[in-house]
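Asks:
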Amino acid sequence: MKQITIIGNGNMAFAIAQGLSKEYRLQVVGRSLEKLKEFESRLGVEVEIVSDYLDTSFDISGRDVILAVKPNNLSSVAKSLSGKANSLLSVLAGTTLLSLKEKIEAESYIRAMPNLSASFQKSMTSITGNPKDREFAEEIFSYIGTTLWLDSESDIDIATAIAGSGPAYLSLVAEALADGGVKAGLKRRDAETLVHGLFNGFAPLIENKKASVVKDEVMSPKGTTAYGYSALEEGRVRTAFIKAVESAFNRAVELGK
Ligand SMILES: NC(=O)c1ccc[n+]([C@@H]2O[C@H](COP(=O)([O-])OP(=O)(O)OC[C@H]3O[C@@H](n4cnc5c(N)ncnc54)[C@H](OP(=O)(O)O)[C@@H]3O)[C@@H](O)[C@H]2O)c1
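If you count the sequence shown from 1, position 235 lands on 276 in the numbering used here, and the numbers rise without skipping.
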């Protein structure tokens, strides 16, 4: 069985471990034996646990390593690593390939940006880095959802602004639609059930048709959708979303400096 090392035992590390555990023998590195054991028991698969490495050092020589700690943990983790990894795959938001290279030694570096849906193996993950490892990185992150290879780190920052922040934006849409239903007289629970069903059914629609086609197919002359849609345009919702992506992108660039 192939082997891979995950550094970190938080939410993203767990989602990735869940995706990989059928195909890979996992080695999980963390600072608390208790949390690592709990991680293993929740996963339901035996993993090789490495704990307390902070006081000694963990040799990553020749290993494929997924780094899944918080960005501000990078320096302290790096100090406890020795050797040169085969490949380093980082999911650290806003952490550039250059800062990874400065802190951890590896033959090849990959930066990936998954999103919250990883916990359901439905992440939209953008990836960039050494093209030599493209296939390997796409394979690894395909276990937690869909992947998109991008040619530059600047594109990753834009992707972060769409798919990384996206679950928050779409949650706003979901909550607002349910609020609208409640305002019109529906019970909250019924309004929320409608919204969940809507999002579920929308996923295959948007995957198979362009957004403008879906809109045109729903909208009929003088119909309900045409009236609702025009209210959204009056509220400048389209402009607000474009600005949201632009602002999030600018912030990602700022954080990466
Ligand atoms: N969650 C998401 O949706 C998402 C999306 C995109 C990217 N990311 C990225 O994924 C990374 C992890 O996020 P998360 O949501 O999984 O955070 P999290 O649940 O807080 O997990 C962070 C983990 O890092 C561990 N850690 C901290 N210092 C460490 C050290 N020195 N050695 C080993 N492990 C250490 C923590 O260990 P303890 O348990 O001992 O504190 C914790 O388990 C972040 O860089 C984030 O930017 C997350």
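Cβ coordinates follow ideal geometry from the N, Cα and C atoms, glycine included. Source: prediction; values computed, not measured.
Could you check where the beta strand (DSSP E) with Asn127 kicks off and where it finishes?
Replies: Ala126 to Ser131
Asks: For a test of your reading of the model: does the CB of Ala54 fall under 7 Å from any non-hydrogen atom of ligand 2? Yes or no.
Replies: For ligand 2, the structure offers nothing, since it holds only ligand 1.
Asks: Any idea what DSSP makes of Arg66, helix, strand or coil?
Replies: strand
Asks: Tell me whether the stretch 72-80 and the stretch 44-62 touch, counting them as touching only if at least three CB pairs, one residue from each stretch, are closer than 8 Å.
Replies: yes
Asks: Report the residue from Gln59, Leu84, Gly85 and Asn50 whose alpha carbon sits nearest the alpha carbon of Val69.
Replies: Cα-wise, what sits closest to Val69 is Asn50.
Asks: Check the DSSP bridge columns for Gly170 and list the partner residues they point to.
Replies: Gly170 is bridged to Ile151.
Asks: Tell me whether Thr234 sits in a helix, a strand or coil according to DSSP, three-state version.
Replies: helix
Asks: At what residues does the alpha helix (DSSP H) containing Val255 begin and finish?
Replies: Ala252 to Val259
Asks: Compute the Euclidean distance between the alpha carbons of Lys43 and Pro172, then round it to the nearest angstrom.
Replies: 21 Å
Asks: Could you tell me the distance, in whole angstroms, from the CA atom of Leu227 to the CA atom of Leu239?
Replies: 16 Å
Asks: Is the CB-CB distance between Leu122 and Ser149 below 8 Å?
Replies: The answer is no: Cβ separation not under 8 Å.
Asks: Return the first residue and the last residue of the beta strand (DSSP E) that Ile197 is part of.
Replies: Element bounds for Ile197: not the beta strand (DSSP E) but the alpha helix (DSSP H), Glu194 to Ala200.
Asks: Do the stretch 124-135 and the stretch 166-182 make contact, defined as three or more Cβ pairs closer than 8 Å?
Replies: Verdict: yes, contact present.
Asks: As a quick exercise: from Leu246, Lys76 and Gly297, pick the residue whose alpha carbon is nearest that of Asp196.
Replies: Gly297
Asks: Whose CA, out of Ser73, Glu87, Tyr184 and Ala252, lies closest to the CA of Gly60?
Replies: Distances from the CA of Gly60 to each of Ser73, Glu87, Tyr184 and Ala252 were compared; the closest alpha carbon is that of Tyr184.
Asks: In whole angstroms, what is the alpha-carbon distance linking Gly135 and Val286?
Replies: Approximately 15 Å between the Cα atoms of the pair.
Asks: Ligand 1 and Pro262: does any heavy atom of the ligand fall closer than 7 Å to the residue's C-beta?
Replies: no
Asks: Flag this pair as yes or no: are the beta carbons of Pro112 and Leu141 separated by less than 8 Å?
Replies: With a cutoff of 8 Å on beta-carbon distance, Pro112 and Leu141 are scored as not near each other.
Asks: Restricting to runs no shorter than 4 residues, where is the alpha helix (DSSP H) found entirely within the stretch 59-111?
Replies: 74-84
Asks: According to DSSP, which residues form a beta bridge with Thr187?
Replies: Residue pairing for Thr187: DSSP places it in a beta bridge opposite Met165.
Asks: Using a threshold of 7 Å, is the CB atom of Met154 nearer than that to any non-hydrogen atom of ligand 1?
Replies: yes
Asks: Does Leu227 come out as helix, strand or coil in the three-state DSSP assignment?
Replies: coil
Asks: In the DSSP assignment, find the unbroken beta strand (DSSP E) run with Lys43 in it and report its ends.
Replies: Lys43 to Ile48
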